[in-house]
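Peer 1:
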Amino acid sequence: MKKSKKKSKKRVIKKRRIKKAVKKAVGKRRKKPRKRRIKRPIKRRARKVKKARKRPKTRIRKRRSAKKAKKIRVSRKYSRGLSLEQLFESPAKVQVMKLFFRNPETNFLLKEAAGSMRMNLSMARKQMKKLEKIGFLKTRRISSRKQTFFINPNFDFFNELKELILKSRPVSKEKILKAIRGLGRVKLVLLSGLLVGNEISRADLLIVGDSINSRKLNTLIKNLEAEAGTDIRCVAMTTEEFNYRYDMYDRFIRDLLSEKGEFLINKLGL
3 MKKSKKKSKK
13 RVIKKRRIKK
23 AVKKAVGKRR
33 KKPRKRRIKR
43 PIKRRARKVK
53 KARKRPKTRI
63 RKRRSAKKAK
73 KIRVSRKYSR
83 GLSLEQLFES
93 PAKVQVMKLF
103 FRNPETNFLL
113 KEAAGSMRMN
123 LSMARKQMKK
133 LEKIGFLKTR
143 RISSRKQTFF
153 INPNFDFFNE
163 LKELILKSRP
173 VSKEKILKAI
183 RGLGRVKLVL
193 LSGLLVGNEI
203 SRADLLIVGD
213 SINSRKLNTL
223 IKNLEAEAGT
233 DIRCVAMTTE
243 EFNYRYDMYD
253 RFIRDLLSEK
263 GEFLINKLGL
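Quick note: the sequence shown uses our numbering, first residue 3, plus one each step.
1. In whole angstroms, what separates the C-alpha of Glu-261 from that of Ser-203?
2. Can you tell me which of Lys-113, Phe-103 and Val-237 puts its alpha carbon nearest to the alpha carbon of Glu-162?
3. What's the gap between the Cα of Ala-238 and the Cα of Gly-199?
4. Apart from the five residues on each side of it in sequence, which residues of its chain come closer than 6 Å, Cβ to Cβ, to Tyr-248?
5. Name the DSSP beta bridge partners of Phe-151, please?
6. If Leu-190 and Ile-267 are in contact, beta carbons under 8 Å, what's the gap, nearest whole angstrom?
7. Report the rounded CA-to-CA distance for Lys-26 versus Lys-11, giving the unit in angstroms.
8. Per DSSP, what kind of secondary structure is Met-121 in: helix, strand or coil?
9. What does Phe-265 pair with, by DSSP beta-bridge criteria?
10. Just how far apart, CA to CA, sit Ser-213 and Glu-114?
11. Under a three-way DSSP split, which group does Ile-178 fall into?
12. Inspect the beta-carbon positions of Glu-264 and Leu-219 and report whether they are closer than 8 Å.
13. Using only the alpha-carbon positions, how far apart do Leu-208 and Ser-145 sit?
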């Protein structure tokens with residue numbers, strides 16, 4: 003029984019294999035060969051490139067020659083002599099000149115000069131480079147990145163400019179008055195010393211009043227120093243202290259009042 007079963011299984015397997023082989027043979031005959039698709043190139047419209055017009059060579063040569071002529075004129079302008087427009091071109095340049103005239107023996111870095119003038123760094127660099135180009139300032143290289151600026155005493159108009167700047171008022175009265183009115187209840191303001199053109203004085207500014215804002219007073223002094231180009235000696239006191247010292251014939255107060263000063267505000271009847 004077992005042998006007969008094994009033989010029947012083998013027959014069934016053979017029949018299945020024969021059927022599969024027949025199907026494959028028939029399928030191969032029926033299948034048609036696939037046609038290969040030929041990829042056709044896509045025709046794209048070429049963009050029309052506008053050709054630049056060729057300019058005549060004569061015009062280019064003329065322009066180049068004009069540029070060269072401009073450069074030569076600029077160099078001749080400085081060699082012939084300075085004009086007043088170059089010296090007093092802007093208030094920022096005058097401020098730089100004040101700083102260097104009032105500090106003739108100091109060498110300033112660019113950041114130091116800009117900080118003492120309370121000026122933008124780019125503006126300070128621009129004005130100082132212009133003054134260097136004229137010959138008013140000189141530079142000394144400290145390192146590969148740093149250089150100091152100092153005044154040139156051999157400048158053509160050194161003495162004339164020095165007299166003009168040092169004798170003139172460093173700050174106008176209107177600016178000082180406008181800034182002082184917002185400090186508090188001010189009773190007395192006396193300009194003296196540097197602010198009047200008298201460098202031999204014990205103080206430059208005397209402010210007497212009550213409830214004076216110290217922060218605003220500090221900013222006022224810094225702004226005045228930036229515009230003047232040097233330190234300003236300011237004295238602030240209350241009305242009670244001033245009256246006491248005045249009645250006691252305080253030497254400092256008496257010297258300030260006896261000097262050639264100017265009262266901007268005088269509510270004490272002096």
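Cβ coordinates follow ideal geometry from the N, Cα and C atoms, glycine included.
Peer 2: So, from the data block:
1. Here residue 261 refers to the residue found at position 259 when the sequence shown is read from its first residue. Here residue 203 refers to the residue found at position 201 when the sequence shown is read from its first residue. When rounded, the distance between both Cα atoms is 8 Å.
2. Position 160 of the sequence shown holds residue 162. Measuring from the Cα of Glu-162, the nearest candidate turns out to be Phe-103.
3. As a working mapping, residue 238 is identified with position 236 in the sequence shown. As a working mapping, residue 199 is identified with position 197 in the sequence shown. Using only the alpha carbons, I get a separation of about 21 Å.
4. Residue mapping note: residue 248 aligns to position 246 of the sequence shown, counting from 1. Excluding positions up to five away in sequence, the list reads Ile-255.
5. Working through the sequence shown from its first residue, we reach residue 151 at position 149. DSSP, once it has assigned bridges, lists Phe-110 and Thr-141 as partnering Phe-151.
6. One-based indexing of the sequence shown puts residue 190 at position 188. One-based indexing of the sequence shown puts residue 267 at position 265. About 6 Å; that satisfies the 8 Å criterion.
7. As a working note, residue 26 is residue 24 in the sequence shown. As a working note, residue 11 is residue 9 in the sequence shown. Their backbone Cα atoms lie some 23 Å apart in a straight line.
8. Taking the sequence shown and counting its residues from 1, one reaches residue 121 at position 119. Correct three-state label for Met-121: coil.
9. As a position in the sequence shown, residue 265 is number 263, starting the count at 1. The partner list for Phe-265 (beta bridge, DSSP) reads Leu-192.
10. Within the sequence shown, the letter at position 211 stands for residue 213. Within the sequence shown, the letter at position 112 stands for residue 114. The alpha-carbon atoms of Ser-213 and Glu-114 are separated by roughly 34 Å.
11. Taking the sequence shown and counting its residues from 1, one reaches residue 178 at position 176. Ile-178 falls in the helix class under three-state DSSP.
12. Position 262 of the sequence shown, counted from the first residue, corresponds to residue 264. Position 217 of the sequence shown, counted from the first residue, corresponds to residue 219. Against a cut-off of 8 Å, the Cβ pair of Leu-219 and Glu-264 comes out as no contact.
13. Within the sequence shown, the letter at position 206 stands for residue 208. Within the sequence shown, the letter at position 143 stands for residue 145. Rounded to whole angstroms, Leu-208 to Ser-145 spans 44 Å at the Cα level.
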